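Residue numbers (my numbering), protein chains in the order written: chain A, 9 to 118; chain B, 2 to 115.
Structure record follows, encoded as structure tokens.
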Amino acid sequence: DAKTTQPPSMDCAEGRAANLPCNHSTISGNEYVYWYRQIHSQGPQYIIHGLKNNETNEMASLIITEDRKSSTLILPHATLRDTAVYYCIVRANNDYKLSFGAGTTVTVRA
Amino acid sequence: ETGVTQSPTHLIKTRGQQVTLRCSSQSGHNTVSWYQQALGQGPQFIFQYYREEENGRGNFPPRFSGLQFPNYSSELNVNALELDDSALYLCASSLGEIGTDTQYFGPGTRLTVL
């Protein structure tokens, strides 16, 4: 059973920040939030993950609310190549697998 | 690029046949996980191999089996193919088997069963 809720789709304007929400209201203290994306017919690409602090890398920023019940993935300057399905996944620190839901289909428009 | 490679890229089989898919993990990674992704759905976990032993298994029948070799590369074998086995098969490698070890995916093998 999916532990996260994401909007099925969203549009973004090229060059603007894309903010992708994820709800994980039943998250436990030992569960991380992972984000992957999958461009059509390719393997999922790891983006970022975090436990409770905000995280940033060269691809994106992850903002986790203080109660950890939701998070937002931020793509600072969306490009057409960011068009993909984005998956938010909650994974326990002792869990060997990733449990994917349906994800959010993000379309970046020129 | 993740350094995870899979072969073949595409494969067509007929119902009842057997298939072997291969995965080479990223250098230094000792864990390989396999996923099945049907069209329009998210990937579903099949099983994981850690140091040549099956470490965990999803809700897949025994005709899905695997191996991991001393160099940590891996095979996924599917016997008695069914039409519903048509999917993108993904492998992911990681430094270890637990939740703090990020999994990096290969490009996948597209299997079509006729």
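Here a beta-carbon is modelled for each residue, glycine too, at the ideal position from N, C-alpha and C.
Computed from a predicted model, the values in this text were never measured in an experiment.
_Other residues of its chain near residue 118 (chain A): CB distance less than 6 Å, five sequence neighbours each side excluded_ = If you number the first sequence from 1, residue 118 (chain A) lands on position 110. The residues 22, in chain order, have a CB closer than 6 Å to that of residue 118 (chain A) in the same chain once the five nearest residues on each side in sequence are set aside.
*Can you grab the Cα-Cα spacing for the pair residue 28 (chain A) / residue 113 (chain B), in whole Å?*
Along the first sequence, read from residue 1 onward, the residue named residue 28 (chain A) stands at position 20. Along the second sequence, read from residue 1 onward, the residue named residue 113 (chain B) stands at position 112. The alpha-carbon atoms of residue 28 (chain A) and residue 113 (chain B) are separated by roughly 33 Å.
*For residue 44 (chain B), go through chain A and note every residue whose CB falls closer than 7 Å to its CB, in chain order.*
For the purposes of this step, residue 44 (chain B) is taken as residue 43 along the second sequence, with counting starting at 1. Residues of chain A with a Cβ closer than 7 Å to the Cβ of residue 44 (chain B) are, in chain order, 52, 108.
*residue 111 (chain B) versus residue 13 (chain B): straight-line alpha-carbon distance, rounded*: Locating residue 111 (chain B) in the second sequence gives position 110, where the first residue counts as 1. Locating residue 13 (chain B) in the second sequence gives position 12, where the first residue counts as 1. Cα-Cα distance, rounded: 8 Å.
*asked:* Can you check whether the C-beta of residue 94 (chain A) is within less than 9 Å of a C-beta belonging to chain B?
replied: The sequence position of residue 94 (chain A) within the first sequence is 86, counting from 1. Taking Cβ atoms only, chain B never reaches closer than 9 Å to residue 94 (chain A), which makes this a no.
*Does the Cβ-Cβ distance between residue 97 (chain B) and residue 51 (chain B) come in under 9 Å?*
Translated into the one-based positions of the second sequence, residue 97 (chain B) becomes position 96. Translated into the one-based positions of the second sequence, residue 51 (chain B) becomes position 50. In this structure, residue 51 (chain B) lies closer than 9 Å to residue 97 (chain B) by Cβ.
*Is there at least one Cβ from chain A nearer than 9 Å to residue 69 (chain B)'s Cβ?*
Taking the first residue of the second sequence as 1, we reach residue 69 (chain B) at position 68. No, because no Cβ of chain A sits closer than 9 Å to the Cβ of residue 69 (chain B).
*List the residues of chain A whose Cβ lies closer than 7 Å to the Cβ of residue 49 (chain B), in chain order.*
Sequence index remark: in the second sequence, residue 49 (chain B) carries index 48 (1-based). Chain A residues near residue 49 (chain B): 104, 105.
*Report the neighbours of residue 57 (chain A) on chain C: residues whose CB is nearer than 8 Å to its CB, in chain order.*
The displayed structure is made up of protein chains A and B, and chain C is not among them.
*Do residue 70 (chain A) and residue 47 (chain A) have their C-beta atoms within less than 9 Å of each other?*
As a first step, residue 70 (chain A) is located in the first sequence; it is residue number 62 there, counting from the start. As a first step, residue 47 (chain A) is located in the first sequence; it is residue number 39 there, counting from the start. Judged by their CB atoms, residue 70 (chain A) and residue 47 (chain A) are not nearer to each other than the 9 Å cut-off.
*Write down the C-beta distance between residue 92 (chain A) and residue 24 (chain A) rounded to the nearest angstrom, noting that I regard them as a contact closer than 8 Å.*
Stepping through the first sequence from its first residue, residue 92 (chain A) is reached at position 84. Stepping through the first sequence from its first residue, residue 24 (chain A) is reached at position 16. Residue 92 (chain A) to residue 24 (chain A), Cβ: 16 Å. No contact.
*asked:* In this structure, how does DSSP classify residue 82 (chain B) when only helix, strand and coil are distinguished?
replied: On the second sequence, residue 82 (chain B) is found 81 positions in, with the first residue counted as 1. Residue 82 (chain B): coil per DSSP, three-state reduction.
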